[in-house]
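The next block holds one structure in the form of structure tokens; read it before the comments.
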Amino acid sequence: MSSGAATTRNINMAAWWAHLLAYFLLGLFSATETKKNHAVPTYFKRINPDGSLVDAGNLKTRVEFANPTRRDFSTGAILEVNPSLVENSATVNVSWSGIQMPNSTDIIAFYCPEEDHPDHYLDLFYVTDSPSYVFGYGWRQVTVHNMRTSCEFRYYQEKHIQVATSNVLEFKGGKNAPLQGHLALTGDPTQMRVMWVSGTDETPVVYYGKDPSLLKFRATGTSKTYQRSDMCGPPASLWICFRNPGYIHDVLLTGLTPSIQYFYSYGSSEIMSPVHHFRSAPVTDPDASFKFVVYGDMGITAIPGAHDTAKYMVEEAENGSSLVFHIGDISYAVGIAYIWELWHDLIEPYATLMPYMVGVGNHEQDHIFGGSKDPSGAPGDGWHPWWGNYLDDSGGECGVPMFYRFHMPDNGNGLWWYSYEYGSVHFIMMSTEHDIRPGSRQYTWLENDLKKVDRNKTPWIVLGGHRPMYTSQKVLRDYIVSRGLQYYLENLFHEYQVDLAFWGHYHSYERTCAVYKHQCQEDGIGTTHVVVGSAGFWLNLQGYWDVKWSRFQENDFGYGRVLVANRSALYFEWVRNKDNVVRDKVWLMKPDRKSAEAKGHHEVPTYFKRINHDGSLVDAANPQTRVKFLHPIQSDFSTGTTLEVNPSVVENGATVNVSWSGIKQPNETDFVAFYCPKDDPFDHYLDYFYVTESPSYVSGFGWWQVTVYNMRTSCEFRYYHKSYIHIATSNVLKFKGGIYAPLQGHLALTGDPTQMRVMWVSGTDDPPVVHYGTRPSYLGSIATGTSKTYKKTDMCGPPASLSGFSNPGFIHDVQITGLIPSTQYFYSYGSYKMMSDVRQFRSAPVTDPDTSFQFVVYGDMGNTPLPGSHDTAKYLVEEAKNGSSLVFHVGDISYARGYAYIWDQWHELIEPYATIMPYMVGIGNHEQDHLSGGSKDPSGAPGEGWHPSWGNFGDDSGGECGVPMYYRFHMPDNGNAVWWYSYDYGSVHFIMMSSEHDIRPGSRQYTWLENDLKKVDRNKTPWIVLGGHRPMYTSQKVVDDYIVSLGMQYYLENLLHKYQVDLAFWGHYHSYERTCAVYEQICQEEEGLGTTHVVVGSAGYALDTEGFWDFSWSRFRENDFGYGRVLVANRSALYFEWVRNKDKVVRDKVWLVKPHLHDEYNTVAYHLKKKLSL
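If you count by mature numbering (1 follows the signal peptide of the UniProt record, and there is no 0), then the sequence shown holds residues -34 to -1, 1 to 1140, one letter each, in order.
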């Protein structure tokens, strides 16, 4: 470094310290707020008359007994504890009677062991806690914890005369009971550490295995303890505050298979714990997805505080969270030893299910004397920088209980600083209570550890420490410490791109932007800092300075929840305890997404829907299933072979018989291929079948039946023998009506109840016409429209742009006008060459808040073999005839995915009911998503469409990129064609949105959606029903799609909540699920102001059979085919049910009732609900 550079650096350093010194002096000589000392709970968590905790840390609250203490058992006083044999953390009843001259100063003290010195009581209570004490008797309930010894209560009267001793209180298992169990990671996914406490140093053992009934593996470990003399100072070293901690046992399990559930039991030859379970750590994997929870500053304060956090942690563990990341200020024992016992009992229910990873805080570590006993190896009496407020906050513990009670990975300095890898994350725990300056032991280790991180394996770095590097809360002395942390560490964090840093110390919550040197980094290359010291100890209620890098603050109890999605997306949310509401959330994104897990690939049916021998569909998208013809093809018609199709003139969707005879030397590789048009090149067949389908093929003849569809041309079959020798061509197959036949008819609403849109396909662009009227015998009105088509070159990519393409014909679009609302009409469509049969529909009603109607809803239909979509189509014909008003199809329509014949077959499947009621569609990933050819995407999406780093948006449309959808359907014109639009129908405002396009605030779609919702008049259309494809809420265990649902919630849920969207339908998952009325993952049962989400992608395509996570907002789910049916009753009542296809049974049903509307409607809704026993 040049002398000039060195001088500049020294000047900058001097200026920085001068700035910091000004803050420091301001703190000394001003009335700026400081963080307050908080009361240490007594063993019984006693409360003062003003509602505050009695402070065990204030030794003046202890009773000073006379020395020696007098005993007088002649009074006949009785003291009893019941029950006398209890589990750990049990509640017991302490009762007394026969007290002569009771006094308000009488006390009952608790001793463990039973004959302990009078001054060495664990806690006491005044008999005044029982109102009847004045009569010489009373009772009180207390919670007791196994201190690995028997215990007793003693009654002391005035001048501390002991007048009664209780019966002995004992704990089940006694000193041998395995207590305070918890797990810890080692950094090796084949290992797990199990720790617990007992009163004996017998050899600790853990039995474990993959079957809870067969724990066939055994591991042993070590035991250790600590004494009062190990402590650095009072009160931890005082006789009255120290308690024998028992023996802390440490057993390392090895040979585990990563990412597997194990069952285990720990203890000794005397007694073993109940069987618990854990999931072993995953191997390092850049796209590993998992959840973990994070918090600091917990303690054992009275309810709510830490107790709520512990309650929710059990739920988090059961819902799949992988580990706890506790960033210091653990138990808040501060030298009062029994606090450790109580805290361990509090966390044991979940610390035995997921690893509990801890860091040191000021209340475990800081001391001002006795430094030679500090097990961290810190010189002198620890780190006390002049600019910091590092005092004796540990109450003399100086890290000793932490050192013995926890064993963290061994690659750093015990539990003070260490790191480990878990899936896609490199975790680091550091100590803010030790020297952080360059050149210090910790800094050197931290720098070397960051250098070693392989971001190709663990793309995320998550760091934890106690005192925060960034905070805006108005506690000046701690704010100065944060500036010191920034000065020494921030450049290091920035150099190695630490993504997320968690801190505690402040008993509140705060999150920053991705920040570096107090500036938000728009490119995301900064560290997001989160203060989450809100787990339970007394709240800090100071305000906040107004700084631009602080994104959210709240003074309340809660915890952090992190979903690591993949290598480029991580989701964080802070959950408030008092109402279990997500109060803050943020996505952290990396721009270099390379891969993702996705839902399993589903086969593309061949034209004939051929089946493999194992019962699965032959996959038309698999190149291995296509015939590879030899070039040039040979023809030999001299063999006398005949090939015939019968009948030769058929209706659309007819079954024909294909027969052959005269085959010389038949072979099992012989096949018959189908061509439309009849003279198509040999390798452009629509489908084929092997002659082995007919058992008689070995004799040179056979037959097979197939279903054929009018492709607006004549067709033929060809027989290929052995090495693809063409030996026979069938007679020509023709369809009635030929190119003029009006096919694939369907209706659509426009948003105007005086209009109806009719669409269909034919092979000619003759002017399209619709004749219509209110009588089937007289269609006196005529409407004409437009025709259009699309070509192979319109597609974005293969297979849609190559072998999968077939001529779609001309798509005709006629808008009927001048209709009378809510009236039955009859109509026929076609051209002057040929018209369809007469159909019928009912025109839309006018907007009316009390209009009652019924509609059906589903997604993910396709055209699979029976049962699937064919059952749905069959039942929808019945629904149409029974008065359903419309179909609401929420994406994944035909599943053509570039194979054009599937569109023809799917339209033929729905035509019987799509010509009776309007068929309203939305876009799905299998119609829209593409990775190339984006300039041809008719939706106007920039580039190659929307591919958020946290999503699994790929090339799911098979190159179609929305083109067939855009031409085949014409939805209301108030949005963006088929991609997003809305319309009113009676009492409902319907919205269809696209989950395949940008949904972020400021995007075209979001802006449109917000404006559309603003315009809804709830006096006219009290119900809002929204549809989209990828679900906003799902509990099915497909991780990458679950992550997408979180993204949907992040960007859209507040908007839906603001405008009180009532019901949201989704597809994508081929299953069924319904939520409660939910907002931010909390059921809104009382207010009814959440959105009920329904995943109804069960219309026919191959089922998703994954299981479901157990989320409180999920009300019903089933992996089966079916569809939804909705009855809109009136302005305040709507009824939904899901019908299972295989038995036509209603499997789920719910009433949505609006509580704030007219009483008369509520009464109707109530009686309907009661009558139907819902």
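We put the beta carbon where it would ideally sit given N, CA and C, even for glycine.
Of the other Cβ atoms in all chains shown, fewer than 16 fall within 10 Å of the Cβ of Ser40; this residue is therefore exposed. Val698 counts as exposed, since fewer than 16 other beta carbons sit within 10 angstroms of its beta carbon. Within its own chain, the residues whose Cβ lies closer than 6 Å to the Cβ of Lys182, once the five positions on either side in sequence are excluded, are Gly175, listed in chain order. Residue burial annotation: Leu507 is exposed, with fewer than 16 other C-beta atoms found within 10 angstroms of its C-beta.
Around Phe119, the same chain offers Leu45, Val47, Val60, Ile74, Ala75, Phe76, Tyr77, Thr131, Ser132, Leu135 as residues with beta carbons nearer than 8 Å, after the five sequence neighbours per side are excluded.
Under the three-state reduction of DSSP, Ala846 is assigned to helix. For the 8 Å CB-CB criterion, Lys141 and Gly165 form a contact. Put simply, of Glu926, Tyr370, Trp353 the residue whose alpha carbon is nearest the alpha carbon of Thr191 is Tyr370.
When rounded, the separation of the alpha-carbon atoms in Thr607 and Ala866 is 32 Å.
Proximity of the region 709 to 719 to the region 635 to 642 falls short of the contact definition, fewer than three beta-carbon pairs being nearer than 8 Å. In the same chain as Phe595, and ignoring 5 residues on each side of it, the C-beta atoms closer than 7 Å to its own belong to Phe648, Asp649, Tyr690, in chain order. By the CB criterion at 8 Å, Val736 and Tyr791 fall outside the cutoff. In the three-state DSSP reduction, Gly925 falls in the coil class, being neither helix nor strand.
Its chain contains no residue whose beta carbon lies nearer than 6 Å to that of Ser969 once the 5 sequence neighbours on both sides are disregarded.
For Phe369, the enclosing alpha helix (DSSP H) has its first and last residue at 366 to 371. When Cβ pairs closer than 8 Å are counted between the two stretches, the region 206 to 226 is seen to touch the region 297 to 311, the count reaching three or more.
Between the alpha carbons of Gly619 and Glu1084 lies a gap of roughly 32 Å. In this structure, Pro201 sits near Gly362, with a CB-CB distance shorter than 8 Å. Classified as exposed, Tyr798 has fewer than 16 neighbouring CB atoms from the shown chains inside 10 Å of its CB. Counting along the chain, the unbroken beta strand (DSSP E) around Ser948 starts and ends at 947 to 951.
Boundaries of the alpha helix (DSSP H) around Ser1011: 1005 to 1024. Between Leu529 and Ile1048 a beta carbon distance of about 17 Å is seen, past the 8 Å cut, so the two are scored as non-contacting. Here Leu451 is not near Ile394, since their CB atoms are 8 Å or more apart.
Residues of the same chain with a CB within less than 7 Å of the CB of Thr572, apart from the 5 flanking positions on each side, are Val584, Ala586, Asp653 in chain order. In the structure shown, His692 adopts extended strand secondary structure according to DSSP, grouped into three states. Within the same chain, Cβ atoms closer than 7 Å to the Cβ of Ser96 are found at Gly104, Trp105, Arg106, the five residues on either side in sequence being excluded. Taken through DSSP and simplified to helix, strand or coil, Lys551 comes out as strand. The bridge partners DSSP lists for Gln1002 are Phe1074. Look at Gln452 here: in three-state DSSP terms it is helix. Its Cα nearest to that of Thr740, the residue Phe807 stands out among Ile882, Ser680, Phe807. For secondary structure counted as the beta strand (DSSP E) over 3 or more consecutive residues, the region 86 to 174 holds these complete runs in sequence order: 89 to 92, 104 to 110, 118 to 123, 127 to 131, 145 to 150, 158 to 164.
Relative to Val1060, the option among His995, Met113, Pro341, Asp1070 whose CA is nearest is His995. Gln820 is not a Cβ neighbour of Leu992, given a cutoff of 8 Å. The secondary-structure analysis by DSSP pairs Phe1082 across a beta bridge with Arg1040. Collapsing the DSSP output to three states places Gln487 in coil. Along the region 22 to 53, the beta strand (DSSP E) occurs as fully enclosed runs of 3 or more residues at 44 to 48, listed in sequence order.
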